[in-house]
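> Below you will find the structure I want to go over with you.
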Amino acid sequence: MNDQSARGMLLADQSFLAFRDLLFRGEVRAGQLVSISELMEKTGFPLAPVREAVKHAESTGLVRILPKRGVLIIEPTPDTVRSCFHLRCMLDQEGARILAARLVEAPMQALREEHAAVRNQALEGITPELQQWAMAVDWKLHRALAGSLDNPLAAQVYASNHDRITVLQQSRRLLPERIIPAMDEHLRIIDAVLAGREEDAMRAVRAHLAGTLRWWGIGLSEV
């Protein structure tokens, strides 16, 4: 590979990260149709790397390229939301089972304490800072479950799905009333893992999926 080709690949990677940051910050939102020229302006990258970035984003399910129309960001339809969270649930269930079987205590106990701290603070009052902390703590558990699989292929799938869910979540405002139920659902997962109850841990993960889908307005009959 010559220097020019290497530089082109580097710019494409940087452009993709810049595009993804726009999605994560909600500056380009789920369901929005944007043009390549808009993305060039927003990311500050030239045409070629932006096109490559969009192709990469399409390959991971973040966008769809609509010829002669633009780039459609992943839409928060019930089917899409259900698929993304169901995929996370499937991987999380196996992760919870593995952790329960191994009786991993120290990292899970630390996660439990952090979840309890978020819950206790939520009882005193919800602030924007607490909402952001709650989301970060929420993802800590999901990453711990996925990480326990110790499977590079699963990790790649999980990372792409994390990106899709993050973009989808930008389409909904943070609901303060969801924080305590979400922490309770997570605590049940953690407690089952700490007790070595594999089946209970997996059931708790499925219950968390049901709670999440209810928050999105998707009924249990549709799971």
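254 is the number that the numbering used here gives the last residue of the sequence shown; the numbers go up by one with no jumps. Beta carbons are placed, not taken as given, at the ideal position from N, Cα and C, and that holds for glycine. Keep in mind that this is a model prediction, so the values were computed, not measured.
Which residue's Cα is closest to the Cα of Val236: Ala175, Gln200 and Leu199?
Comparing Cα positions, the closest option is Ala175.
> Using the Cβ count rule (16 or more neighbours within 10 Å means buried), how would you classify Arg204?
exposed
> Ignore the nearest five residues each way along the sequence and tell me which others in Met32's own chain have a CB closer than 6 Å to its CB.
At Met32 the pLDDT is 42, less than 50, meaning the model places this residue with poor confidence and gives no usable figure here.
> Taking 8 Å as the cut-off, decide whether the C-beta atoms of Ile129 and Ile210 are in contact.
no
> Within 10 angstroms of the Cβ of Ala131, are there 16 or more other Cβ atoms? Answer buried if so, exposed if not.
buried
> Just how far apart, CA to CA, sit Trp246 and Arg150?
Using only the alpha carbons, I get a separation of about 18 Å.
> For Ala153, which residues from the same chain have a beta carbon less than 8 Å from its beta carbon, with the 5 sequence-adjacent residues on both sides left out?
The answer, listed in chain order, is Leu161, Ala165, Pro207, Ile210, Ile211 and Met214.
> Let me know if Pro80 comes out buried or exposed under the rule of 16 or more other beta-carbons within 10 Å of its beta-carbon.
buried
> Do Glu58 and the ligand GDP come close, with the Cβ less than 7 Å from some heavy atom?
No copy of the ligand GDP appears in this structure; indeed no ligand is present at all.
> Check for me: the beta strand (DSSP E) holding Ile96 runs from which residue to which?
It spans Val94 to Leu97 - the beta strand (DSSP E) in which Ile96 sits, taken as one unbroken run.
> Within the same chain, show all residues whose beta-carbon is closer than 8 Å to that of Val254, passing over the 5 residues directly before and after it, in chain order.
Interpretation of Val254 is limited by its pLDDT of 47, a score under 50 that renders its predicted location unreliable; no figure is taken from the coordinates.
> Does the Cβ of Thr74 have 16 or more other Cβ atoms within 10 Å, making it buried, or fewer, making it exposed?
buried
> Does the contact criterion of 3 or more C-beta pairs under 8 Å hold for the region 186 to 205 versus the region 136 to 146?
no
> Roughly how far, in whole angstroms, is the beta-carbon of Ala43 from the beta-carbon of Glu83, given that I think they are within contact range, below 8 Å?
4 Å
> Do you know offhand how far Gln124's Cα is from Pro77's?
In a straight line, the C-alpha of Gln124 is about 43 Å away from that of Pro77.
> Quick check on this structure: which residue in His87, His146, Pro183 and Asp222 has the alpha carbon closest to the alpha carbon of Val168?
His146
> Mapping DSSP to helix, strand and coil, what is Val112?
helix
> How should Glu216 be labelled, buried or exposed, when 16 other C-beta atoms within 10 angstroms of its C-beta is the threshold for buried?
buried
> Would you list the one or two residues that DSSP bridges to Val65?
In DSSP, Val65 forms a bridge with Val102.
> Considering only residues of the same chain and omitting the five flanking positions on each side of His173, which have a CB-CB separation below 7 Å?
Arg119 and Asp123
> Are Thr91 and Ser179 touching if we call contact CB-CB under 8 Å?
no
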